[in-house]
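Peer 1: Note that our numbering gives residue 117 to position 129 of the sequence shown, counting from 1, and the numbers run on in steps of one. Note that CB positions come from ideal geometry on N, CA and C, so glycine has one too.
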Amino acid sequence: MFFWIHDGRILPNAPTTYADRVHKIHPGGKSAPISGEGEESTNASPGSFLHRSPGDVYQESAGQIERAVYFLHEIMSTPAITQKSTETIANCLDFMLEKGIRHLPITNEMGTLVGFVSDRDILEKSKSYERDWPVSDIMIKRVLVGSPGSEIRGVTQVLLEERIGCIPVVNDDNQPIGMITRSDLLRLLLKYPNLNIIA
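#1: So threonine 70 packs on isoleucine 89, CB below 8 Å; how close in whole Å?
#2: Looking at C-alpha atoms only, which residue of Met64, Pro164 and Arg130 is the closest neighbour of glutamate 150?
#3: So if DSSP puts isoleucine 94 in a beta bridge, which residue, or which two residues, is it bridged to?
#4: Hey, would you say valine 157 sits closer than 7 Å to glycine 137, going by beta carbons?
#5: Using 7 Å as the threshold, is the C-beta distance between isoleucine 77 and serine 114 below it?
#6: With distances taken Cα to Cα, identify the nearest neighbour of isoleucine 63 among Ile152, His(-6) and Thr144.
#7: Is it buried or exposed for asparagine 159, if we count other Cβ within 10 angstroms and need 16 for buried?
#8: Can you give me the Cβ contacts of serine 65 inside the same chain, cut-off strictly under 7 Å, excluding the 5 residues immediately before and after it?
#9: Given a threshold of 16 other Cβ atoms within 10 Å of its Cβ, counted over all protein chains shown, does arginine 141 qualify as buried or as exposed?
#10: Looking at leucine 101: is its Cβ nearer than 7 Å to the Cβ of tryptophan -8?
#11: Rank Ile(-2), Met(-11), Arg(-3) and Ala68 by C-alpha distance to the C-alpha of threonine 169 and give the top, closest one.
#12: Please state the DSSP three-state secondary structure of threonine 169.
#13: What did DSSP end up calling arginine -3 once you bin it into helix, strand or coil?
#14: Could you check if tyrosine 58 is buried or exposed, using at least 16 other CB atoms within 10 Å of its CB as the buried criterion?
#15: With distances taken between CB atoms, is the gap from isoleucine 110 to leucine 81 smaller than 7 Å?
#16: How far does the alpha helix (DSSP H) with isoleucine 155 in it extend, from its first residue to its last?
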């Protein structure tokens, strides 16, 4: 499920995705649509599949094992690297450079997501704003987020339609627990070239 958070509150009218049908992926490249309700993959490997050994992946492909499509919690970057809304613009930019990240979720004192800022936002707006002002003055307050159980076909569709580069993943309390970026999807395609991630 994907939804908008504006200044810490969930907004109605979530983006439409096709989450009512979950596909099973054959390593040979064929997809068979099935109903996603009440079914779980019995062949799921523990941990993130992006970090499995090539031998395991080859054995799986050679055996033509059917696998369910993957979900955000399996490919998201964790933990979510965040900053408080009271941090200064200069501190946030320094923090992003230090961590080597381009996207930064902004939280309130309780850890709830209240905004989002990119390195481009900071560089563009720092010309008009003082660098010692709080980042809340320049952050985007309407943020599209996903839940950990959302499937990757949905996130691909949303990234394309909304023309955004990443989506924070939040828990039930709207606290960021991970991030999904276009780079994560590209790594997924490199790992599984036969996987169709477009809904």
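Peer 2: Looking at the coordinates:
#1: The residue you call residue 70 lines up with position 82 of the sequence shown. The residue you call residue 89 lines up with position 101 of the sequence shown. At roughly 11 Å, the Cβ-Cβ gap does not stay under 8 Å, so threonine 70 and isoleucine 89 are not in contact.
#2: As a position in the sequence shown, residue 150 is number 162, starting the count at 1. Closest option to glutamate 150, Cα to Cα, is Arg130.
#3: Taking the first residue of the sequence shown as 1, we reach residue 94 at position 106. BP columns for isoleucine 94 point to Gln71 and Gly103.
#4: Counted from its first residue, the sequence shown places residue 157 at position 169. Counted from its first residue, the sequence shown places residue 137 at position 149. In this structure, valine 157 keeps its C-beta atom at 7 Å or more from the C-beta atom of glycine 137.
#5: Position 89 of the sequence shown, counting from 1, holds the residue named residue 77. Position 126 of the sequence shown, counting from 1, holds the residue named residue 114. A contact, by the Cβ cut-off of 7 Å.
#6: As a first step, residue 63 must be located in the sequence shown, where it is residue number 75. Comparing Cα-Cα distances from isoleucine 63 to each of Ile152, His(-6) and Thr144, the minimum goes to Thr144.
#7: Translated into the one-based positions of the sequence shown, residue 159 becomes position 171. With fewer than 16 other Cβ atoms within 10 Å, it is exposed.
#8: As a position in the sequence shown, residue 65 is number 77, starting the count at 1. Hits under 7 Å: Gly166, Met167 and Asp172.
#9: Counting from one through the sequence shown, the residue named residue 141 turns up at place 153. Flag for arginine 141 reads buried.
#10: Counting from 1 along the sequence shown, the entry for residue 101 is found at position 113. Counting from 1 along the sequence shown, the entry for residue -8 is found at position 4. No, the Cβ-Cβ distance between leucine 101 and tryptophan -8 is not below 7 Å.
#11: For this step, residue 169 is matched to residue 181 along the sequence shown. Ranking the options by Cα distance to threonine 169, first place goes to Ala68.
#12: One-based indexing of the sequence shown puts residue 169 at position 181. Strand, per DSSP.
#13: Taking the first residue of the sequence shown as 1, we reach residue -3 at position 9. Strand at arginine -3.
#14: Taking the first residue of the sequence shown as 1, we reach residue 58 at position 70. Its Cβ being crowded by 16 or more others within 10 Å, tyrosine 58 is buried.
#15: Within the sequence shown, the letter at position 122 stands for residue 110. Within the sequence shown, the letter at position 93 stands for residue 81. Cβ distance < 7 Å, so isoleucine 110 and leucine 81 count as in contact.
#16: Here residue 155 is taken as the residue at index 167 of the sequence shown, counted from 1. Run containing isoleucine 155: none in the alpha helix (DSSP H); it sits in the beta strand (DSSP E), 154 to 158.
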